[in-house]
Amino acid sequence: MTHHELCIQRCFDLASLAAGGVTPNPKVGAVLTYRDKIIGEGYHQFPGGPHAEVNAINSLKDKELLSKCSLYVSLEPCNNFGKTPPCVDSILKYKIPKVFISIIDANPSTMGKSIKKLKAAGVVVELNILKEKGKKITQGFFSSIEKNRPYIILKYAQSANKKIGIKGEQLWISNPMTKRLTHKWRSEINAIIVGSNTLKIDNPQLNNRLYFGKSPVKLLLKRNGQIPSDTAALLTAGKTIIISEPNATIVKIPNVKQWFIPFDEALLTNILHNLKKEGLNSLLVEGGTTLINSFIQQNLWDEARIFTSKKTINHPKSIAAPSPEGMLMATHQIGDNSLSVIENLDQ
Ligand SMILES: NC(=O)c1ccc[n+]([C@@H]2O[C@H](COP(=O)([O-])OP(=O)(O)OC[C@H]3O[C@@H](n4cnc5c(N)ncnc54)[C@H](OP(=O)(O)O)[C@@H]3O)[C@@H](O)[C@H]2O)c1
682 MTHHELCIQR CFDLASLAAG GVTPNPKVGA VLTYRDKIIG EGYHQFPGGP
732 HAEVNAINSL KDKELLSKCS LYVSLEPCNN FGKTPPCVDS ILKYKIPKVF
782 ISIIDANPST MGKSIKKLKA AGVVVELNIL KEKGKKITQG FFSSIEKNRP
832 YIILKYAQSA NKKIGIKGEQ LWISNPMTKR LTHKWRSEIN AIIVGSNTLK
882 IDNPQLNNRL YFGKSPVKLL LKRNGQIPSD TAALLTAGKT IIISEPNATI
932 VKIPNVKQWF IPFDEALLTN ILHNLKKEGL NSLLVEGGTT LINSFIQQNL
982 WDEARIFTSK KTINHPKSIA APSPEGMLMA THQIGDNSLS VIENLDQ
């Protein structure tokens, strides 16, 4: 890696510390270097809070030094007055002479405008450093702007012979390490959804208990709204949304919301539309096969993360696993499970 790439990589690492906590804003990290050494850094920590560049600037006691520093940032500095003043103005105020950026902002209010402003003021600007990684870090934010829906990840575990479970039975296919990894993903995601059979049979808690950080908003599909009050996902902390048909039973449980949506071919699109309205930019679909397949059939997915165990399931009531078709981007061995990451290129 070059020096510039190393500094931008540090920005990504800082940005990741925000995990799923800054939505609907993007995760952003920034570092300041002086004589090629990092002397200040910051990241966007919560929505409405100071942006990464401002936190990096504020991490320096000696503001005079800023006029001799280089700023590295994972996303183009903002150009608009939102809850905080434009970061581009802070860069100009402190006369930072060089700015290195991974990706241009997708938000039309900024999109290249800050870069123009910096260049017009004589600042040296370099773009597209580790651009692909930069886009990955901000994928929820980009998906929300470019596709008008959250970034969607399908996740499931399958046996060696591609079965996801046995009808009516709870079955563990994954292992403790893949379980912990799933909880890390839950900490990074804004919302999680399961189908009604999974809700009944597996009774998952759907929160993050095995990794630090937040838990996602839990979405439970239940056509008639009749969910037993001892359902685990209702008892775990955090917001839960039950998705039911318009004439369903009204659920009255504290911290539980209900969306009334017709269970027709537009169900998923309507759910995604509601998530966008709530500022939730990423969604983890945790099964079962019926729900995952409906996302695949409507081409509403970006990535699939599939654990495959060495065990086989030979049972007359076994349930076939989904089979999303896309580009295999990575494989990892995690104990006795392998993890395949597939990206949907047909978007
Ligand atoms: N190995 C794994 O990673 C994993 C993960 C999760 C679950 N599982 C297993 O998978 C099994 C459950 O899978 P499943 O395929 O039977 O059920 P499921 O996907 O959990 O739930 C299916 C039900 O959800 C509702 N639903 C889902 N998608 C819908 C859509 N697009 N439109 C309308 N309604 C929709 C329907 O409910 P209504 O019938 O009420 O209309 C449908 O019958 C369980 O055995 C569970 O243990 C395995």
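If you're matching positions, the sequence shown starts at 682 in the working numbering and goes up one per residue.
Glycine included, each C-beta is placed from N, C-alpha and C at the ideal position.
Check: residue i C-beta below 7 Å from any heavy atom of ligand 1
| i | result |
| --- | --- |
| E984 | no |
| D883 | yes |
| G793 | no |
| L852 | yes |
| R904 | yes |
| F703 | Checking the displayed sequence, the identity of residue 703 turns out to be Val instead of Phe. The answer is no for V703. |
| T921 | no |
| F944 | yes |
| N878 | yes |
| G1007 | no |
| T971 | yes |
| G846 | yes |
| L746 | no |
| S975 | yes |
| L949 | yes |
| V875 | yes |
| I1000 | yes |
| A838 | yes |
Paired residues, beta bridge with residue i - DSSP
| i | result |
| --- | --- |
| K836 | R986 |
| E1006 | Looking at the DSSP assignment, E1006 forms no beta bridge with any residue, so it has no partner. |
| H932 | The sequence given here has Val at residue 932, not His. Its beta-bridge partners do not exist; DSSP assigns none. |
| S975 | S975 is not bridged to any residue. |
| K718 | Y715 |
| Y753 | V712, F781 |
| K998 | K998 pairs with nothing; no bridge assigned. |
| N1018 | S990, I1015 |
| A700 | Per DSSP, none; premise fails for A700. |
| K899 | I873, T921 |
| V806 | V780 |
| Y724 | G710 |
| E1024 | E984, M1008 |
| I847 | E850, S999 |
| W940 | I924 |
| S963 | Y832 |
Buried/exposed call for residue i, threshold 16 Cβ in 10 Å
| i | result |
| --- | --- |
| K794 | buried |
| L972 | buried |
| A924 | Reading the sequence as shown, one finds Ile at residue 924 and not Ala. Buried. |
| N706 | buried |
| D786 | buried |
| D883 | buried |
| L1026 | exposed |
| N871 | buried |
| V754 | buried |
| L949 | buried |
| G729 | exposed |
| I696 | It should be noted that the sequence gives Ala, not Ile, for residue 696. Buried is the call here. |
| I931 | exposed |
| H725 | buried |
| L1009 | exposed |
| K836 | buried |
| H684 | exposed |
| L900 | buried |
| N736 | buried |
| R716 | exposed |
| N936 | exposed |
| A802 | exposed |
Residue-level contact to chain C via CB, residue i, 8 Å cutoff
| i | result |
| --- | --- |
| S771 | Chain labels in this structure do not include chain C; a single protein chain is all it has. |
Cβ-heavy atom distance, residue i to ligand 3, below 7 Å
| i | result |
| --- | --- |
| E967 | Ligand 3 is absent from the structure shown, which contains only ligand 1. |
Validate contact between the segment 953-966 and the segment 806-825 using beta carbons, cut 8 Å, 3 pairs: Taking a cut-off of 8 Å on C-beta distances, the segment 953-966 touches the segment 806-825, as three or more cross pairs fall below it.
Given 8 Å, three or more beta-carbon pairs between the segment 985-1001 and the segment 886-896: Not touching, per the Cβ criterion.
Three-pair Cβ contact test at 8 Å for the segment 848-856 versus the segment 807-817: Output reads no: the segment 807-817 does not touch the segment 848-856.
Three or more C-beta pairs below 8 Å linking the segment 757-768 and the segment 786-805: A contact exists between the segment 757-768 and the segment 786-805.
Cβ pair count under 8 Å reaching 3, the segment 937-950 against the segment 908-927: These segments touch.
The segment 1017-1025 in contact with the segment 878-895 per 3-pair CB rule at 8 Å: Note that the segment 1017-1025 does not touch the segment 878-895; fewer than 3 beta-carbon pairs, one per stretch, sit closer than 8 Å.
The segment 706-715 touching the segment 687-694, judged by at least three CB pairs closer than 8 Å: Enough Cβ pairs lie closer than 8 Å, so yes.
Three-pair Cβ contact test at 8 Å for the segment 696-704 versus the segment 766-786: By the criterion of at least three beta-carbon pairs nearer than 8 Å, the segment 696-704 is not in contact with the segment 766-786.
Validate contact between the segment 829-845 and the segment 986-1006 using beta carbons, cut 8 Å, 3 pairs: The segment 986-1006 and the segment 829-845 touch, with three or more beta-carbon pairs separated by less than 8 Å.
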